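Worksheet for the structure shown next.
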Amino acid sequence: MTEPESEVWVDAAGLRPSVRPWLVAGMINVAVAALLLGVPYFRGPRRAADVPGRFSAFAACFYHSEALDDPGLGLPVGERGRYASLVLGGDADWPARCGPALEAIAPEPSLFLFPSIKNAEEQVRAAVALMRTEMEAVGRRRQAQDARVSDRPMRAMARLRGALAELGLAVSSEALSAERDAISLHGDLDGPPGRPISSVVPLRVGEGRTWHLAVDDGALLVGATDMRAVVYLRVEDGAVEQRLSRRPRRVRGMIGVAQQQPWLLFTTSPSRCEQLPDGCADRALGLTALLENRQTLRPMMWLRAHPLVAPERAVHIEGEVAHVLALGDEGATAQVREFLLVEPEVPAMGETHEPTRIQPARRWNLDLGEEPSVRWIHLGWRDGGPLGLLFAARGGQAGLMRLDPPEDPPVPASIERWPGPRGRHPEVASCGPWQVMVSEVEGVVRRADGSPVAIESRIEPAEAASLRVVCRGASVEVWTLADRVLSRARCDAGGCSSPEPQVEDVVAFDARAFDTDRDGGAEEFASFVATTDDRQDGVVWLRRFEGHDAQPSAATVPSPCWSDPPGGLCGAPRLASDGHMLVVATRVEENLNVVMTEDGQTFLNLAGLEQH
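In my numbering, the protein residues as written are 2 to 613.
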């Protein structure tokens with residue numbers, strides 16, 4: 002190659018682009034990519050690394066519990082009950098004291114993050130803000146002494162845990178999951194007594210219909226009817242034994258739930274009786290029962306008697322003997338009729354059976370007066386002694402009919418009369434050797450020695466739900482609800498409490514409904530009264546009376562009455578006791594909400610049942 006040609010080649014080589022700038026640019030791009038992708042990739046998990054511990058610290062404060070060393074997002078069983086206990090009995094600075102721990106959960110806003118992580122952190126901050134708002138609302142309600150328990154903070158807590166779980170997915174963190182609990186409720190921290198969430202007992206009958214509650218050796222017994230069905234339940238050790246049948250026509254009541262033998266009562270309707278010339282005096286009373294382990298009824302028995310008053314009050318069945326306060330015949334306005342029941346043969350499945358008709362074995366004529374109120378009682382202590390019929394009617398008439406066992410020759414029933422309470426609608430009750438009669442005007446207590454004494458007690462509205470009596474050894478307590486004021490009068494062999502209403506005898510103001518355990522038994526037995534009112538949307542309050550103390554213990558809420566949405570132990574309370582276990586129940590739609598206690602301080606729900 003000649004010299005000019007070589008120079009041309011050299012000049013041409015200088016025109017080729019240099020590789021160095023490309024290498025530099027590539028290195029710069031890699032560095033930028035590493036900065037823009039790598040830093041957010043590692044920064045997100047690093048920002049979230051402390052979140053489980055912060056959530057655990059907040060949850061420990063909010064639930065007054067102990068934070069765990071290796072926390073997750075899970076919460077132990079019982080957290081709703083602990084929350085309700087703190088709402089109802091926590092320190093005055095709760096939940097405000099948990100605010101700093103809550104704020105520490107939310108990460109500071111940052112632009113240098115992956116979009117998924119950035120969005121997850123935004124959701125966490127929104128959930129923290131919602132939780133803060135609900136905690137402030139709970140604090141205001143506690144200052145206003147509102148006993149309802151709002152469920153909104155529980156839903157806000159669930160949203161916060163969900164947002165933290167989404168953050169855990171975004172940063173691929175196994176710590177932010179619900180597989181491990183964040184706290185333990187069983188630490189050594191001092192706090193308010195726990196309140197269980199009430200258990201739901203399914204009745205499957207409509208609200209507003211008749212239902213009965215009893216306790217037998219720790220087992221809960223419930224009987225109820227509506228327009229569609231008849232049901233009897235026995236709840237024990239987490240198992241529910243249910244007898245359910247379609248409701249026949251003309252069922253007017255149910256008795257015998259406490260004796261574990263629920264009887265259904267059939268009568269002609271009052272409107273039909275008004276159209277008949279004899280007013281149903283010749284009509285019969287039907288008796289049947291739910292068969293055990295079968296969804297059907299026993300064959301019908303027809304007793305020749307039509308109840309004078311409501312069938313559940315007019316009929317008393319004990320063993321194989323039934324007594325009925327019936328419309329009289331042959332000139333008598335009322336009669337007590339005694340029937341000897343027979344055990345009808347149970348037909349095979351698919352077969353029918355003719356009803357059994359039973360005539361009265363004994364009958365007694367009785368003049369009770371107009372619109373009587375009656376109650377069957379035993380003239381002895383704890384269902385001992387002969388049977389008696391306590392009655393009171395308009396115009397101040399009252400008395401007791403004693404029914405001795407059959408003798409040969411027959412002995413007529415003895416009737417003792419005494420002045421009853423004035424008023425149009427007297428109500429009667431009995432407890433041990435005491436008989437109590439109260440109207441919308443006044444009350445009368447018949448003492449153990451047989452002499453009546455007037456007491457300053459009345460009921461308004463004039464109905465059975467406004468009067469309760471409790472035996473306390475040799476004394477009796479008379480509980481009356483009048484004009485929304487619940488009062489207690491105490492009577493013993495020496496007389497009753499002061500005839501002038503005393504402040505200490507007023508148990509609750511603005512009471513809408515109440516109930517008591519009806520048999521205190523021993524002298525020092527602790528009796529209980531449960532009340533509810535309109536101001537708190539049906540919150541149930543339970544008070545305990547020790548021995549003969551005039552003042553009860555501080556009222557407590559056995560189980561939360563929830564708001565937003567409503568639920569839990571709310572509404573008119575019912576109490577039932579077997580002397581050892583006390584059950585507190587309310588009716589909500591087709592279910593019962595139930596808790597139980599032995600001492601009135603520690604409450605339990607029924608194991609194995611749904612909670613609400």
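Glycine residues also receive a C-beta, built at the ideal position from the N, C-alpha and C atoms.
These numbers come from a predicted model, not from an experiment.
Rounded to the nearest angstrom, what separates residue i and residue j at their Cα positions?
i, j, result
"Val508", "Glu109", "54 angstroms"
"His324", "Trp419", "23 angstroms"
"Asp71", "Gly90", "30 angstroms"
"Gly619", "Ser174", "Past the boundaries of the shown model lies residue 619; the chain is included only from 2 to 613, so the question cannot be answered."
"Phe59", "Leu165", "13 angstroms"
"Gln612", "Ile198", "6 angstroms"
"Pro271", "Leu204", "28 angstroms"
"Glu135", "Arg153", "7 angstroms"
"Ser117", "Gln124", "11 angstroms"
"Val595", "Gly568", "12 angstroms"
"Pro345", "Leu291", "13 angstroms"
"Gly320", "Leu341", "9 angstroms"
"Glu80", "Lys119", "31 angstroms"
"Leu593", "Arg575", "10 angstroms"
"Arg588", "Trp542", "15 angstroms"
"Arg55", "Ala183", "10 angstroms"
"Arg489", "Thr269", "39 angstroms"
"Thr517", "Pro422", "23 angstroms"
"Glu524", "Ser476", "Residue confidence is low: Glu524 scores 42 on pLDDT, short of 50, so the model does not pin down where it sits. Its coordinate-derived value is still stated next. Approximately 8 angstroms, taken between the alpha carbons."
"Cys62", "Ala220", "38 angstroms"
"Arg447", "Leu277", "39 angstroms"
"Asp279", "Val470", "37 angstroms"
"Ala616", "His187", "Summary: the structure shown does not reach residue 616, with the chain confined to residues 2 through 613, and so no result is reported for it."
"Pro502", "Ala240", "Residue placement at Pro502 cannot be trusted, given a pLDDT of 46 that sits under 50; what the coordinates show is reported in the next sentence. Near 47 angstroms, if we compare the C-alpha coordinates of Ala240 and Pro502."
"Asp493", "Gly329", "38 angstroms"
"Ser19", "Leu114", "37 angstroms"
For residue i, which residues does DSSP report across the bridge?
i, result
"Phe604", "Thr598"
"Val584", "Ala577 and Met597"
"Pro453", "Arg447"
"Pro203", "Asn592"
"Ala225", "Trp212 and Val232"
"Gln616", "Past the boundaries of the shown model lies residue 616; the chain is included only from 2 to 613, so the question cannot be answered."
"Glu237", "Ala240"
"Ile378", "Gly389"
"Arg544", "Val530"
"Cys432", "Trp435"
"Phe59", "Phe59 is not bridged to any residue."
Leaving aside the five residues before and after residue i along the sequence, list all residues of the same chain whose C-beta is less than 8 angstroms from its C-beta, in chain order.
i, result
"Arg126", "Ala107, Pro108 and Pro110"
"Arg133", "Gly100, Leu103 and Glu104"
"Glu180", "Gly73 and Gly75"
"Asp217", "Ala259, Gln261 and Asp579"
Do residue i and residue j have their C-beta atoms closer together than 8 angstroms?
i, j, result
"Pro312", "Gly254", "yes"
"Val442", "Ala393", "no"
"Phe529", "Gly580", "no"
"Leu265", "Val231", "yes"
"Leu161", "Val129", "yes"
"Asp405", "Pro427", "no"
"Val445", "Pro434", "no"
"Pro553", "Leu570", "no"
"Gly82", "Arg156", "no"
"Gly572", "Gly539", "yes"
"Ala483", "Ile456", "no"
"Leu401", "Val375", "no"
"Pro356", "Pro300", "yes"
Starting from the C-beta of residue i, find all residues in its chain whose C-beta is less than 6 angstroms away, skip the five residues before and the five after it, and write them out in chain order.
i, result
"Arg485", "Asp511 and Ala512"
"Gly224", "His213, Tyr233, Met255, Val258 and Pro263"
"Arg617", "No answer is possible for residue 617: it lies beyond the span of the chain, which begins at 2 and ends at 613."
"Ala145", "none"
"Leu369", "Ala335, Phe392 and Ala394"
"Ala586", "Leu214, Arg575, Leu593 and Val595"
Which residues in the same chain have their Cβ closer than 7 angstroms to the Cβ of residue i, if we skip the five residues on either side of it in sequence?
i, result
"Thr226", "Val206, Arg210, Thr211, Arg248, Val252 and Met255"
"Ala215", "Leu222, Val258, Ala259 and Ala577"
"Gln360", "Arg305"
"Val139", "Val88, Pro96, Ser151 and Pro154"
"Leu177", "Ala49, Val52, Pro53, Leu74, Leu165, Ala166, Leu168 and Gly169"
"Arg143", "Val88"
"Ser458", "Val439, Gly444, Val479, Thr481, Ser488 and Ala490"
"Thr297", "Ser246"
"Arg403", "Leu380, Pro387, Gly389, Ala414 and Ser415"
Original post:
Does the region 228-239 touch the region 598-608, meaning 3 or more C-beta pairs lie closer than 8 angstroms?
Top reply: yes
Original post:
Between the region 317-337 and the region 352-370, are three or more C-beta pairs nearer than 8 angstroms?
Top reply: yes
**OP:** Would you check if the region 158-170 and the region 558-569 touch, i.e. whether three or more CB-CB distances between them fall below 8 angstroms?
**Re:** no
Original post:
Is the region 304-311 touching the region 279-290 in the sense that three or more CB pairs, one from each, lie closer than 8 angstroms?
Top reply: yes
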